[in-house]
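Chains as they are written, first to last, in our numbering: chain A, 143 to 508; chain B, 143 to 508; chain C, 143 to 508. Even glycine gets a Cβ: it sits at the ideal position worked out from N, Cα and C. Note that the coordinates shown come from a computational prediction; the quantities given were computed from them, not determined experimentally. First the structure, in the form of C-alpha cells, and then the observations on it.
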C-alpha cells in the first residue's frame, strides 16, 4: 500500500506517470467519471483549510466517488483526548482512502503506523504539503511543456515556505534547472537546504534581494507572501514590502512566456490587476491541483490501471524506521510526539552530518 | 451567464417560467432526478445558516448532482485575509455553480465581477435573500392559484425585514395586488420604499398597528418576528409584543382560505398550536423553497431546456455598472467595500432623486 | 412509522432481524449498494461527534443514498432560538430520514412529536445512544456466535456510562447471560438498575473491584473509561486508575476466546499494544456499527423487504404518552424541557415504585 506524505515519497518517474495520468484526465474526463464508484474518501481536517479540502472533495466527486467530510476536529473526539492514530484507524473502517490535515508536524507519519487504507498528507503544520507541489509541477509542465531546462525564480518567504522547499527539492532532480532565490536576507533559503538539495547535486542557483533584477531571466516565477510577522524590526518590513509585490509594472520586465505561480491564498503580494495577464497561472494551478488529486486518488487506490506505479525501492522504504535510530525527545513544540500517546520518541541520524539527529516524525534537528 | 443576486434580477415573466418549472418538478420528480448528473454545487457559507444551506444541498441531490459544502468560513482562508473575489474564483475551479452566503452586504456583487460560474446569493447581511422570495411566491401561487388580485398582509418587523421588502417589490408587479402593512410604528415600512415600490406604480396599500383588525380581509398573511432588540424603550416592547403573536384565537378572525407564511426560523410569533391549522403554510414554504432552488439551479446551469430563460435586457444589464457612477466611500460598516481588496469605491445616482447616490455594492445611501 | 430513540424501542426479535440483515449486508454488499438510491439522510448534530456522524454517513453512502450533513449547530438557527421541533420538522422537508445528536437529554423525544420522517437518536446527552448498542451486540454475535449463555464483564465507569446501561438492559433479555460488574465502588452500577434490569428478572450478576480477578471467567469484556472528573478525592483516583487499564499483562489472564469491546474513543484505558491481540475487537465494533446503521436505515425506510419489522405492540406504544401522566417541572438542568418552547412539562409514574415519577422526556426522577 502506497501513501503520499511528502513529495519525495514518489520518484521522479512516478511523478511523471502521475502527470501523464492527469493529462489524460483533462483530455478524456468522461473516461474517469465513474472510476471511483462506490469508493469513499475521508477528508480528515483536524484544522480547517477550505481550499484544500474542497479540492480533494471535488476530485473525488469527479471520479464518481463519495466523500466523508470533516472540516474541523476542534470540538470532537480529538478534543476528548483520542490519539491521531485511533482517529485514523477508525476512519479506515468507514473510508477507502484518507486525506488528512493536521496542525502538528509529523501527525500523518504517526497515522501511517496504523492506517489500514492509503493516506494522503494534506498539510501537517509547517512540515509538508505535497499535493500543493503536485499542482505546481503539473502547471509548469502543462504551461512550459517540460520540467527540465528551466530558470525558476522563487520569491518572498523562502525561509519558512514549505511549498517553496518542496518544489525546489522536486525540480532539483530535473536536468538543466537553475534556481533564482529572491527574498530579503531575513527570509533567504536555509543554508542547509541549499547545501543538500542543490550544491551536493551541482544544481546551479543564485540569490538576490531584487525581484525587478531577477525577473527578465525567469521562465517560471513562484510568488509567496512576505509576512510582517517574520520581522523583528517592523521598519525593515515597511521598507521592503513593496519590492516583493508583483504588479503590472513589474510584469513588463518579465519574458513574454514567463509563467507566474502562487500557492494561494494571496493577500496583497500580487496585484489583482495582474490576474488578467495570460502569464498569470495561479488559478490554472488551482484547477490543476484538483486534477492531480484525481490522479493521486486513482493511483493510491490501485485504480489507475497501466498508469499506476510499479513496485519501487522507495515504496518499500516508506514507513520503515531508518537505520541507526536512537531514543530522543523532540524539542519542536509543534511535533506530534509532544501529545500523541503510544508514539515512541525516536531520532534518526542525518546522512552526511555525523552526530546530528532529526526527529523521525517532524524532521526537527535534535 | 445569468446569476441571481436579488429578486428583481429576474423579470416577472422569468419568475413565472421558474414557477412553471417548479410545478413540473413536483409533478414529475423522476424526470429530473439525473438532470444535474456530474455537476457540482458549492455552498460557500461565509457565515452559517443551516436551513438555507440544507435547502440548496437537498435541491442539488434531488437533481442527481454533487455538493461541495462549506458550512462556515470562520477559521479558513477568509480568516487569512483572502478576498471574497479570490475565494469565489477558486471555488469556480471546483464547482459548476455557487450559492454563497456572506455577513457583509454587497459581497456577492463583488464576487460577480470575477466568477466564472453562475452565482446565487443565499443572503448577504441585511441586504438581499432572493431565494426566500422564490419560496414565498411559489407557495402563494400553489396555494391560492395565482399571484395577482390578492390582499397581502405583512406583519411584524417591516422596517428591517429584507424578505418583506423583497416580497413586496416582487408582488407589486402583479395586477390587482393590495398590501396591508401591520406593525408597530417603530417598525413600519420605510417611507422611501412605500414611495418607489408602491405609490409611483399606483399599487394600493394601507397601514395599521392591529393584526386583529387587518386579519379578516387578508388572502395571505406574511408573519415576521418583532425583535426586542429593535426597541429603545423595553416597556414599549412589552406592551406591544403579544399583539403580533399569531395564535388560535386570532386565526379565528382570518378567512377560511387565508394562508399564513413565515420565512422561519420563528421564535414565538406563531404559537405552535397554529401549525395544525390547514391554513398554516410555513412548512410547505420550506418544501417549496427546495423545489424553487432546484428550478433555479437547472435554469442557471442552462439545463432547463425549453423552460429556460430567453435572453433579456435585464440579463444584459446585470453586473454592468450603472451610468453616472462616482467614486465615493460607503459609510455602511457592514458593506463589503470596507474590507475587500481591489474593489473600487463607487456610488450610483438614485433614479428620481437628484443628488442622491447609493453604494453600488450594498445600496446604502451615501 | 418506526423510530429508534432507545434500544428497547425494538424487541429482541426485531434486534435479531436487524442483525440478520447486517450479516447479509456483510455477505452480499453488492446487493445493497443502490438500495437507498435517491434517498437522503440528514445528520443533524446539534453538538459535534465526528465518529458517530461519519458512521451514519458512510452507512448511507454504502447504500447509494445522499447525506445532508450538519456537523454542528452551534452558530445556526438553534442559536437564533429555534425549537428542536421546528428544526426537525424543517429537516423533514429536505430528507427522508434523520439521525440527530443533541446535548440535551430528551431532545429526540420532543422531536418525535412533530417529525414527518423516521428519526434515529444518535445520542442525547447522558440519556441514550442506541446505535452504539447495536454495534456492541452485532460484534458479540458475530465473534461469539450467539448473544445468549455468555459471561459478560463490564469494566470502568458503570455509574454514568449510558452505553453500559443500554447493553446490560439489552443482553438481560437473553437466556443464560451472567454479568460481572467491575468498577471502583464510587462508579458501581446504580442500585435501581440492578434491581429492575436484573434482580426482578432473575438475571445473575456479581460485583467486584478487581479486573484481574474477574478476567479469567469472562467471554466478553466491555471496557469503559474511569474519568478523573468523577472522583472527589483525587488521591483515590490515582490509587485506582491503573487497575482499570487493560494491558498485555492483564490480557494473559483472559480466556483465549474472550473478546474485548470498547465504545471508543479511548484515552489510556486500553494500552495500544493490546490492539494487535486478535481478541481486541473494538475496531471491528466500529466497522460493525456502520453495518448496523445500514441495516437500521434500510429498516426504518421500509426498504428491508422481508427482513423488515412486522407491526408490533411495542411499535404502537412508541411516542404515546404513558398512562397516569401528571404535570411537573423536571429538575434535570440538561433536560430539553428546560428550554424547548411548546413542550408540556409532564412526568409519568415509575412502574413498581408507587409515588415515584420520571420526566417523560429525559427519564430523570422527579
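Residue-level contact check: residue 156 of chain C does not touch chain B, since none of the beta carbons of chain B fall below 8 Å from its beta carbon. For the C-beta of residue 235 of chain A, the chain C residues within less than 7 Å are, from N- to C-terminus, 425, 428, 429, 432.
For residue 266 of chain B, the enclosing beta strand (DSSP E) covers residues 261 to 266. Taking C-beta separations shorter than 6 Å and ignoring five residues to either side along the sequence, the partners of residue 274 of chain C in its chain run 305, 405, following chain order.
The three-state secondary structure of residue 208 of chain A, taken from DSSP, is strand. Its chain contains 175, 176, 177, 178, 179 as the residues whose beta carbon lies nearer than 7 Å to that of residue 206 of chain A, once the 5 sequence neighbours on both sides are disregarded; these appear in chain order. Around residue 412 of chain C, the same chain offers 365, 388, 404 as residues with beta carbons nearer than 7 Å, after the five sequence neighbours per side are excluded. Non-local beta-carbon contacts of residue 169 of chain B in its own chain, meaning distances under 8 Å to residues more than five positions away in sequence, are absent. Separation of the CB atoms of residue 208 of chain B and residue 182 of chain B is rounded to 5 Å, and the pair is thereby assigned contact status at 8 Å. Under the DSSP assignment, residue 490 of chain A falls in the beta strand (DSSP E) whose first and last residues are 488 to 491. Residue-level contact by beta carbon holds for residue 208 of chain B and chain A, with a gap shorter than 8 Å.
Taken in chain order, the complete alpha helix (DSSP H) segments of 4 or more residues contained in the segment 418 to 504 of chain B are 424 to 442, 455 to 459. If you check the CB distance, residue 308 of chain B and residue 340 of chain B do not come in under 8 Å.
Under the three-state reduction of DSSP, residue 196 of chain C is assigned to helix. Note: residue 239 of chain A is bridge-paired with A/183 in the DSSP secondary-structure output. According to the DSSP assignment, residue 362 of chain B belongs to the beta strand (DSSP E) that extends over 362 to 365.
Under DSSP, residue 247 of chain C forms a beta bridge with C/477.
The beta strand (DSSP E) runs lying completely inside the segment 306 to 336 of chain A and spanning 3 residues or more are 320 to 324, given in chain order. Taking C-beta atoms as the reference points, residue 228 of chain C and residue 249 of chain C fail to come closer than 8 Å.
Between residue 431 of chain C and the set C/469, C/282, C/476, the nearest pair of CA atoms involves C/282. The beta carbon of residue 350 of chain B lies closer than 8 Å to those of 322, 323, 324, 356 in the same chain, with the five residues before and after it left out. Taken atom to atom, the span from the alpha-carbon of residue 423 of chain B to that of residue 277 of chain B is near 11 Å.
Within 10 angstroms of the beta-carbon of residue 427 of chain B lie 16 or more other beta-carbons, which makes it buried. In the assembly as shown, residue 272 of chain C is a buried residue. Its beta-carbon has 16 or more other beta-carbons within 10 Å. Between the beta-carbon of residue 438 of chain A and that of residue 238 of chain A there is about 14 Å, and that puts the pair past the 8 Å contact cut.
Interface residue (Cβ-Cβ distance to chain A less than 8 Å): residue 344 of chain C is not classified as such. With 16 or more other Cβ atoms inside 10 Å of its own Cβ, residue 295 of chain C counts as buried. Contact between residue 213 of chain C and residue 187 of chain C is confirmed by a C-beta separation of about 6 Å, below the 8 Å threshold. DSSP places residue 349 of chain B in the strand class (E or B) of the three-state scheme. Judged by DSSP secondary structure, residue 279 of chain B falls within the alpha helix (DSSP H) whose first and last residues are 272 to 286. Between residue 211 of chain B and residue 199 of chain B a beta carbon distance of about 6 Å is seen, short of the 8 Å cut, so the two are scored as contacting. In this structure, A/425 is the residue among A/380, A/284, A/425 with its C-alpha nearest to the C-alpha of residue 193 of chain A. For residue 215 of chain C, a Cβ of chain B is located within less than 8 Å of the residue's own Cβ. Chain A places a beta carbon closer than 8 Å to that of residue 193 of chain C, counting this residue as a contact. Between residue 467 of chain B and residue 489 of chain B a beta carbon distance of about 7 Å is seen, short of the 8 Å cut, so the two are scored as contacting. If you draw a straight line from the Cα of residue 396 of chain A to the Cα of residue 354 of chain A, it is about 9 Å long.
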